[in-house]
Amino acid sequence: MSICQRSMPNPKPLNIQPKRILVITLRYLGDTLLVTPLISSLRQAYPGAEIDVLLPAINAGMLEGNPDIRRLLSVAGKPGGLAFGKLLFSLFRRYDLAISTQAGDRPTLCAAIAGKTSIGFVPDDAAKAWWKKALLNRWLVFSADYGHAVLENLRFCELLGIAPRYRLTPPHSSVPIPCITNPYAVLHIMPQWRYKQWHAEGWRDLVGFLDRQGFKVVLTGSGNPAELEALRELQQQLPADVLNLAGQLSLAQLSALIGKATLFVGPDTGITHLAAATGTLTFALFGPTDPEKWAPWPYGYCENKTPFASRGSGQVHNVYLLQGQTEQNCLPCQLEGCDRHRHSHSACLDQLSSARVIEVIAQTLQAKQPSASR
28 MSICQRSMPN PKPLNIQPKR ILVITLRYLG DTLLVTPLIS SLRQAYPGAE IDVLLPAINA
88 GMLEGNPDIR RLLSVAGKPG GLAFGKLLFS LFRRYDLAIS TQAGDRPTLC AAIAGKTSIG
148 FVPDDAAKAW WKKALLNRWL VFSADYGHAV LENLRFCELL GIAPRYRLTP PHSSVPIPCI
208 TNPYAVLHIM PQWRYKQWHA EGWRDLVGFL DRQGFKVVLT GSGNPAELEA LRELQQQLPA
268 DVLNLAGQLS LAQLSALIGK ATLFVGPDTG ITHLAAATGT LTFALFGPTD PEKWAPWPYG
328 YCENKTPFAS RGSGQVHNVY LLQGQTEQNC LPCQLEGCDR HRHSHSACLD QLSSARVIEV
388 IAQTLQAKQP SASR
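Letter by letter, the sequence shown follows residues 28 to 401 of the numbering used here.
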């Protein structure tokens, strides 16, 4: 479906030169990183503009040190009615251009209130979209057959008549990171939701393989108590010299740590997107999620088409996507696990063998050996 079919009837680009721009992204950590190509495109097109970003406070670290952004407007949790009303009042017509990168009610209202010109996504449902179309100056339909998240965000460039930039911008900080002797591998074991999780046996086997290959293994993770406890239990079954830095690093420090590693392995999570953005060799373990829509964006990939297909494993630039497997060949189902909830298991990941993951990593490293280091 072309952009003209998924936008309002008048596809003529907006002819504006905004001095103040607000980008609104109110979902998950990975979504925050995946909006940075759009922000970079805005900076390139409007070099004199001040660009602010409205986002959940918990995600603010993903944009730390971003040179394209003037200010982060952080929202704590999901504000109640009164608090949200105060937020809208504080935003009223403060920006020449406001962009909602999600089709939800709150992002749309924020864009419509904040921007003298407002654009955003609307759902592919007339009953839910009509009032959003009425509030926004221009809109794009976020349809059921949506493309990769990076490319969907960059559709706003065509609406504005500006050139897209495809590179993600990871966070940056001057705060030092722990000094680790190369070569080392970073493993981010725990995703936010159970249905994206690979089995402990696989991680144990992988750590053993990397240890035998001479890699220092570094575990990373959030400060969530349940995650920390799960990693502590797993660490008791791993070689004694495995370094566990879970909960000890900011996102910017984590970005620097991964950026200096030989390789990174992680599940379908925001940190795996971050790893890909650093340029480090990244192995992404995918289960129910559709890679065509949500695969990590490879470093240096600059094409207006999704880097990975919905089915199958393979490498594009620095990202090797490893898709799970089932006898039913039901991937990608785009469901929250086999039991249809976030704390469910996913058979496709349960059946992804450590032997297959290790083989892919071993072959990729072997193929990389003759070339110079990145």
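All C-beta atoms, glycine included, are put in the ideal place defined by N, C-alpha and C.
query                                                                                                                                                                                 : result
Does DSSP put W225 in a helix, in a strand, or in coil?                                                                                                                               : coil
Out of P203, K332, P94, G104, which has the shortest C-alpha to C-alpha gap to V182?                                                                                                  : Checking the displayed sequence, the identity of residue 182 turns out to be Arg instead of Val. Considering only alpha carbons, the answer is K332.
Take the Cβ of V202 as the centre, count every other Cβ of all protein chains shown within 10 Å, and call the residue buried at 16 or more, exposed below.                            : exposed
Based on the DSSP secondary-structure assignment, which residues constitute the bridge partners of T101?                                                                              : Contrary to the premise, residue 101 reads as Ser rather than Thr in this sequence. Paired residues: L82.
Kindly indicate which three-state DSSP category L290 falls into: helix, strand or coil?                                                                                               : strand
Check whether the Cβ atoms of P218 and D295 sit closer than 8 angstroms, and answer yes or no.                                                                                        : yes
Tell me R165's beta-bridge partners as DSSP assigns them.                                                                                                                             : I146
What are the boundary residues of the alpha helix (DSSP H) that includes H344?                                                                                                        : Counting along the chain, H344 falls outside any alpha helix (DSSP H), and DSSP gives it neither H nor E.
I416: which of I146, S145, A227 sits nearest, CA to CA?                                                                                                                               : Missing from the structure shown is residue 416; the chain here goes from 28 to 401 and no further.
What would DSSP say about R259, mapped onto helix, strand or coil?                                                                                                                    : helix
Tell me whether T353 sits in a helix, a strand or coil according to DSSP, three-state version.                                                                                        : coil
Check whether the Cβ atoms of R47 and Y122 lie closer than 8 angstroms to each other.                                                                                                 : yes
Could I get the ranges of all uninterrupted beta strand (DSSP E) runs contained in the segment 36 to 64, with 3 residues as the minimum, in chain order?                              : 47 to 51
What are the boundary residues of the alpha helix (DSSP H) that includes L312?                                                                                                        : Not the alpha helix (DSSP H): L312 falls in the beta strand (DSSP E), residues 308 to 313.
Report yes or no: do the segment 192 to 210 and the segment 295 to 304 share at least 3 C-beta pairs separated by less than 8 angstroms?                                              : yes
Assess contact between the segment 308 to 323 and the segment 374 to 386, defined as three or more Cβ pairs (one per stretch) separated by less than 8 angstroms. Is contact present? : yes
Once the 5 residues before and after A399 are set aside, which same chain residues still bring their CB inside 8 angstroms of it?                                                     : Because the pLDDT at A399 is just 44, under 50, the model does not fix this residue reliably, and the point stays unresolved.
Looking at the structure shown, is D123 part of a helix, part of a strand, or coil, going by DSSP?                                                                                    : strand
In the DSSP assignment, what are the bridge partners of E363?                                                                                                                         : Bridge partners of E363: none, in fact.
State yes or no: is the beta carbon of R383 nearer than 8 angstroms to at least one beta carbon in chain D?                                                                           : Absent from the structure is chain D; it holds one protein chain and no more.
Any idea if C329 is buried or exposed, counting beta-carbon neighbours within 10 angstroms, 16 or more meaning buried?                                                                : exposed
What separation, rounded to the nearest whole angstrom, lies between the Cα atoms of V292 and P134?                                                                                   : 33 angstroms
Counting pairs of Cβ atoms below 8 angstroms between the segment 57 to 76 and the segment 84 to 104, do you hit three or more?                                                        : yes
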